[in-house]
Every structure is written in structure tokens, then in C-alpha cells.
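Visitor: For the sequence shown, our numbering assigns the number 13 to the initial residue and increments by one for each residue that follows.
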Amino acid sequence: MADTAARSMIRTQGRRAYASFGTRPSGTRHPLVATAMVLPLAALLVVVFGGWDAVVTQASSVGVMMGR
Numbered sequence: 013m014a015d016t017a018a019r020s021m022i023r024t025q026g027r028r029a030y031a032s033f034g035t036r037p038s039g040t041r042h043p044l045v046a047t048a049m050v051l052p053l054a055a056l057l058v059v060v061f062g063g064w065d066a067v068v069t070q071a072s073s074v075g076v077m078m079g080r
């Protein structure tokens, strides 16, 4: 019985701490926050793997197909 009460108290404290930071309980993020989190990693991958050339090539191909 005491074990159950302790678990309940810990869960309640966790919820209060979670709510005090103003985070969303559903686990979703604002799209701008998600973008800001992903952009540094994406830039690093572009530099490390030389992806910039591929992006430029693809953009050029799409531009040609669109008639620009």
C-alpha cells in the first residue's frame, strides 16, 4: 500500500514539474521549433557528405523541366 502511495506522489510531482515548463503534454512541437532543431543537423550532413552539389543539381533540373 505504501509503495502505491509513493508512486502516486512521484507521478503527481512529475506532472507539476512538467506543467511548470509550459510544454505540451501531447508531445507535439511547434513546426518552427522542430525546424530550428533540425536545421543544424541538416547543414552538418550537407557539409560532411557533399550534399550541396546534389541539391544544386536537382534544383537546376527542376528549373529546366519547368521551363526556366
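For glycine and all other residues, C-beta sits at the position ideal for the given N, C-alpha and C.
For the alpha helix (DSSP H) holding Thr47, just list the boundary residues, first then last.
Guide: To locate residue 47, count along the sequence shown from 1; it is residue 35. Here the alpha helix (DSSP H) through Thr47 covers Pro43 to Phe61.
Visitor: Would you tell me roughly how many angstroms separate the C-alpha atoms of Pro52 and Thr16, rounded to the nearest one?
Guide: Counted from its first residue, the sequence shown places residue 52 at position 40. Counted from its first residue, the sequence shown places residue 16 at position 4. Straight-line Cα distance between these residues: approximately 44 Å.
Visitor: Work out the CA separation of Val50 and Arg41 for me, nearest whole Å.
Guide: Position 29 of the sequence shown, counted from the start, is the residue given in the question as residue 41. Position 38 of the sequence shown, counted from the start, is the residue given in the question as residue 50. Approximately 12 Å between the Cα atoms of the pair.
Visitor: In the structure shown, what three-state DSSP assignment does Met78 receive?
Guide: Along the sequence shown, one-based indexing puts residue 78 at 66. Coil, per DSSP.
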